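The structure appears below as structure tokens.
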Amino acid sequence: MTLVSNYANGTFYGGRWFCGCGLDAPWRTSTKENSRGEKFASCLKSRGQQCGFFLTAEDDATARMEKSSDIPPAPRTPTGKQIGGLPQSLPTPETGTGLNTSLFGSSRRGYLQRPDDTPTPHRFRADENGDLPSLILRLLQNDGIVLKSSTESAIRHVIGDRLVGYEAKLQNSAESLEMAFKKLDELEKGGGSAIS
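Residue 70 in UniProt numbering sits at position 70 of the sequence shown; the count goes up by one each step and never skips.
Take a look at the structure:
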């Protein structure tokens, strides 16, 4: 059985491969019976946490052409305390404003009219006068990172494009949710026998 590469999330920089997690992906040799002796590079995290990066030596030249970068992979800061190789996670606090508390009650319309029930990136008020790209560029400058004007323009463009896409998806979701609530209201008024 031949090995199949999946290097879409990898980066080749400084003569080394980095997986989608930003970690070094060194070359190793397969010990499995069907592919014994074949060279490959992959994510070094444990099986349940791997990003999926996998590259065979056969595909290395093609992958280098596609994934070479002049920019080093971003450093990763470990989150939480490491226990047995897994980050410790904290439970989500109970807010008391879940959908299940108002789904079948008369407060359903109020649910759509209270946009502050759920945290979103729009509610981050670090700088109410500036836009997201300006905030990010200011944070980079505060850390001593000097960017070319073309890089600043590219950052503004990419973030702007992503925000437009997210806002369109958010609007579409809100419209779909409103339609679903109207349909539920109609079913409830009609006797509610269609809901089991």
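Ideal Cβ placement from N, Cα and C applies to all residues, glycine included.
A quick note: this is a predicted structure, and the numbers were derived from the prediction, not measured.
DSSP places Leu55 inside the beta strand (DSSP E), whose first and last residues are 54-56. Secondary structure of Ala41 (DSSP, three-state): strand. In the DSSP assignment, Thr62 falls within the alpha helix (DSSP H) that extends over 60-67.
In this structure, the beta-carbon distance from Trp27 to Ala41 falls below 9 Å. The beta-carbon distance between Ile155 and Leu137, rounded to whole angstroms, is 7 Å. This is short enough to meet the 8 Å contact definition. Under the DSSP assignment, Tyr13 falls in the beta strand (DSSP E) whose first and last residues are 11-13. In chain order, Asn6 place their CB closer than 6 Å to the CB of Gly52, counting only its own chain and leaving out the 5 sequence neighbours on each side. Counting every other CB atom within 10 Å of its CB across the protein chains shown gives Gly10 a total of 16 or more, marking it as buried. When the beta-carbon positions are compared, Ile159 and Leu132 come within less than 9 Å of each other. Taking every protein chain shown into account, the CB of Ala63 has 16 or more other CB atoms within 10 angstroms, so this residue is buried.
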